[in-house]
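Peer 1: In this note's numbering, the protein residues as written are 4 to 272. Just so it is clear, CB atoms sit at the ideal spot from N, CA and C, and this is done for glycine as well. These numbers come from a predicted model, not from an experiment.
Printed below as a string of C-alpha cells:
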C-alpha cells in the first residue's frame, strides 16, 4: 500500500490528539485504547483487535518493528507517518520503536468454566506497571480469565499494555463492575480465595485446585473488607523481616504459580 508523506509539525491536530489521549478521560471519551510497540501490536492483531489508525515512524523502527510494520499497515488501512519529533512527543516510551495505534477496546467473552478453571480477580489496582505485570504472569500461568474490577487503572492504559508485553490480548481479560464480577463467580460456583496479609493460612497450605478465583486488592489498601469476609479461603505470604507485605505483582505471582504447581501435581505432571 502507498505510504503518505510524514507529519513533522508538533502542532498537527493528529499529534495533539495523540497527546490528549494519554489521559484516561480522553481515551474513555473516544472509546479507544492506545497500543504501542511491535510486540504489543502484533499480539493485538493476532487476537483480532481492530486497529482504527496506525501511526508509524520508520526512522525509529527496531528490527522487530520493521518486520511487522507491513502486516500492521495492511490490517489498519488508515496509516499516518510521523516524523521523529512528533512520534516521540506522542509516545509513552523513552525509546519508542516507531509503531503506535488507536485500537478498538479489547472485550473478549468470558469462558464457560470447567471443573478446574482458574480465574484471577484484581480489585482497584492503581499502578499500570503492577496491573500489566500481573496480566503477564497470568498468561504465563495459563489462567482461564482475568477480572479487573474497581476504580483502578484502565486496561487501555499504554503502561498496562506495555508492562503486560501484550499479554492483555492473550487471555480473556474483562473489566467489570464489582457486582457483576461477584455475580458471575458465584453463579458458576467458584471458590473465592482472598490474598491478604491478615490471613493465618499460608498460601501453599491452601487447596488451589478446582474452580478457583484468586482475589488480589489494591497496592495501598488490599482487598476491601466485604471481599475478605465473603471469601471461602483467606491466604497470606509469610514475612520473616521488617516488611509486612510484598508488592502486589510479586504476591500475585507467588500464589498463581502455587496454583499451577498444585494443578500439575494433581494431573501427575
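Short of 6 Å in beta carbon distance, which residues of its chain neighbour residue 160, apart from the five on each side in sequence? Order them along the chain.
Peer 2: For this step, residue 160 is matched to residue 157 along the chain shown. In chain order, 131 place their CB closer than 6 Å to the CB of residue 160, counting only its own chain and leaving out the 5 sequence neighbours on each side.
Peer 1: Can we say the segment 160-178 touches the segment 213-230, given the rule of at least three CB pairs closer than 8 Å?
Peer 2: no
Peer 1: Where residue 194 and residue 8 are concerned, what is the direct C-alpha to C-alpha distance, given to the nearest angstrom?
Peer 2: Residue 194 sits at position 191 when you count from the first residue of the chain shown. Residue 8 sits at position 5 when you count from the first residue of the chain shown. If I take the Cα positions, the gap works out to 56 Å.
Peer 1: Can you give me the start and stop residues for the beta strand (DSSP E) that residue 178 sits inside?
Peer 2: Within the chain shown, residue 178 is the residue found at index 175, counting from 1. Residue 178 -> beta strand (DSSP E) spans 176-178.
Peer 1: Please return the same chain residues whose Cβ sits closer than 6 Å to the Cβ of residue 216, not counting the five positions on each side in sequence.
Peer 2: Locating residue 216 in the chain shown gives position 213, counting from the first residue. Excluding positions up to five away in sequence, the list reads 122, 124, 188, 193 and 195.
Peer 1: Who are the near neighbours of residue 4 in its chain, counting only those whose CB is closer than 7 Å to its CB and skipping five residues on each side?
Peer 2: Along the chain shown, one-based indexing puts residue 4 at 1. Confidence at residue 4 is low in this model, with a pLDDT of 48, below 50, so the placement of that residue should be treated as unreliable; the coordinate-derived value is given next. Contacts found: 76 and 77.
Peer 1: Just verifying my parser: in three-state terms, what is the DSSP assignment at residue 193?
Peer 2: What you label residue 193 is simply residue 190 of the chain shown in a count that begins at 1. Three-state result, residue 193: coil.
Peer 1: Per DSSP, what kind of secondary structure is residue 126 in: helix, strand or coil?
Peer 2: Residue numbering aside, residue 126 sits at position 123 when the chain shown is read from its first letter. Strand.
Peer 1: Contact check, residue 251 vs residue 219 under 8 Å by CB: the rounded distance?
Peer 2: Reading the chain shown from its first residue, position 248 is the one you call residue 251. Reading the chain shown from its first residue, position 216 is the one you call residue 219. Yes, residue 251 and residue 219 are in contact; Cβ-Cβ is about 6 Å, under 8 Å.
Peer 1: I need the boundaries of the alpha helix (DSSP H) containing residue 230, first residue and last residue.
Peer 2: As a position in the chain shown, residue 230 is number 227, starting the count at 1. Looking at the DSSP string, the run of the alpha helix (DSSP H) that includes residue 230 is 228-233.
Peer 1: How is the beta strand (DSSP E) around residue 56 delimited, first residue to last?
Peer 2: Here residue 56 is taken as the residue at index 53 of the chain shown, counted from 1. Per DSSP, residue 56 belongs to the beta strand (DSSP E) from 54-59.
Peer 1: Roughly how far, in whole angstroms, is the beta-carbon of residue 197 from the beta-carbon of residue 234, given that I think they are within contact range, below 8 Å?
Peer 2: Taking the chain shown and counting its residues from 1, the one referred to as residue 197 is at position 194. Taking the chain shown and counting its residues from 1, the one referred to as residue 234 is at position 231. Indeed, because the Cβ distance is near 4 Å, the residues count as touching under 8 Å.
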